[in-house]
Amino acid sequence: MDELGAHAAALVARRPRDARLRRVGTSRGGTPLWLLSVGHGGRHALVVAGPHANEPVGGATALRLAERVLADPRLSTGIDTTWNLLLCLDPDGARRNEGWLAGPYTLGRYFRHFFRPGFLEQPEWLPDGAERAALPETRALLDLQDELRPFFHCSLHGVDVGGGFVELTRDLPGIAQRLAEAAARLGIPRELGPYDTLYWPALGPAVYRIPPPRRGDLAAAITEAAVESTWFHPHRYGTVTAVVEAPMWGVTAVEDASPLPDPEAVLRAVSGTLRRDTRLLAGFLDRIRPHLAAVPDADRLLAPVDDYLLVGPGLADSWDPDVHGAGQRPLPPLDTARLTALGISGRRVALRTAGLLHQLARAAGREAGGVLPELDRLIDAWCADYRDGYRARWIPVARQAEYQARVVLAAVELAGRYAPVRSHSGESGWGPEAAVPMHTE
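Under my numbering, the residues of the sequence shown are numbered 1 to 441, in order.
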């Protein structure tokens, strides 16, 4: 987090006439939320990095975009656009992931240091509507959207294991081809059937239409991401929102559209594994929970554990052909790509839960220490399944960020063709002055 802010401040010091850094809010933990703005166009693009604490690539992408725009005036004055880059929406959560960010980048290290807050503490979601949004990070983003009225709003996400894809609130004709070109050039697999777009319309290969928000229970919200969110909040301004996902570990099979001989057998196996793993992890939680009274901030780790244990059985039932009822939405056609994505997703729920439990057991000390060897064996075995069974391979950060930046640049270009109104900024005093140094702000 500190390195990200320092790079942004250095960029502004180097180009004070063209870049500006301002504080647009403060996290629950007292960390500044920094907005890096580049260019002087009349329309605004808003790019949000770090909405999920365990997805750090967006920060590197934001800096790469800033450098690209400063180096090429066609990307700012040429399209009458100011780029506004929110460097990290959840800096407190991002700090909790710093245990794996320095490397080495192995699956075991990642999941043992994994953190993402519980669903109700994730700043992009609006479970009670925008007017009742309580998190200061959420309020800062909503205020920024209302101030800028961007023609394009982008949320930079990362897939831990799988492939890259894009979700849109409005269609951008041509984006699927541009995504395919960037993915092929950089060796990024495209995910042709992500589990969270299971019932969403496809706008092209690896491009999906986000359904309008609706109220639902917590399990549906976590698994389908169709609840009210900051993605749709600027819709009233004619904004198109793009959620750009870039994988950390790529899996080639997520872009394999070939059929499998017995997809129902695969679904039964995936569902059964997820049910078994959830029961096993719930037992670990029962053993650890009595020893957490003296653990500071244990609730922050328990909240996502409870969420994952809640949604696991529901996910398994929704995929299982022997449980899927006549009144439920039919599953879409199941090819290799979609079945691979479902298998990866079931394993992801289990591994994230195991990693969080591992951290709780370590924090509880000797009294819960007996659980650690068992959790270590599980995490190692499940990571080996990703590595050997799914052939997950690490994608260097530079390639993740370059892929994401190319997709964002293409989306901005396409969105600019259809922008119905000029956006504006309520910020006064834009000029050549240098930004206030962060350490003296």
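We put the beta carbon where it would ideally sit given N, CA and C, even for glycine. These numbers were taken from a predicted model, which means no experiment stands behind them.
Item	Value
Nearest by alpha-carbon distance to R393: which of L192, G163 and L4 is it?	G163
For the alpha helix (DSSP H) holding R300, just list the boundary residues, first then last.	A298 to W319
Between P444 and the rest of its own chain, which residues show a CB-CB distance below 8 Å, the 5 nearest in sequence each way excluded?	Residue numbering for the chain in the displayed model covers 1 to 441; residue 444 lies beyond these limits and cannot be assessed.
Judging by CA-CA distance, which residue of V251, L267, E121 and T197 is the nearest neighbour of G93?	E121
Distance check for V254 and G193, CA to CA, integer angstroms please.	7 Å
Rounded to the nearest angstrom, how far is the Cβ of G158 from that of V57, given a contact under 8 Å?	5 Å
Should D277 go down as buried or exposed, given a rule of 16 or more other Cβ atoms within 10 Å for buried?	buried
Return the Cβ separation of L301 and Q359 in integer angstroms, given the expectation that the two are a contact with Cβ distance under 8 Å.	6 Å
For the candidate residues L409, Q404 and Y308, whose alpha-carbon lies nearest to that of I188?	Q404
From what residue to what residue does the beta strand (DSSP E) around R20 run?	A19 to T26
DSSP three-state call for D445: helix, strand or coil?	One cannot answer for residue 445 here, as it falls past the ends of the chain, which runs 1 to 441.
So, with DSSP's three-state summary, where would you put R149?	coil
According to DSSP, is S258 helix, strand or coil?	coil
Unbroken alpha helix (DSSP H) runs of length 4 or more, entirely within the segment 345–422: which are they?	372–384 and 397–418
Check whether the Cβ atoms of S37 and A10 sit closer than 8 Å, and answer yes or no.	no
In terms of residues, what are the limits of the beta strand (DSSP E) holding R43?	R43 to V48
Hey, would you say D307 sits closer than 8 Å to G59, going by beta carbons?	no
So S271 is in the beta strand (DSSP E); what residue range does that whole segment cover?	No beta strand (DSSP E) contains S271, which is instead part of the alpha helix (DSSP H) from P263 to I288.
Considering only C-alpha positions, which residue in the set R17, Q328, G365 and W34 is nearest to V24?	W34
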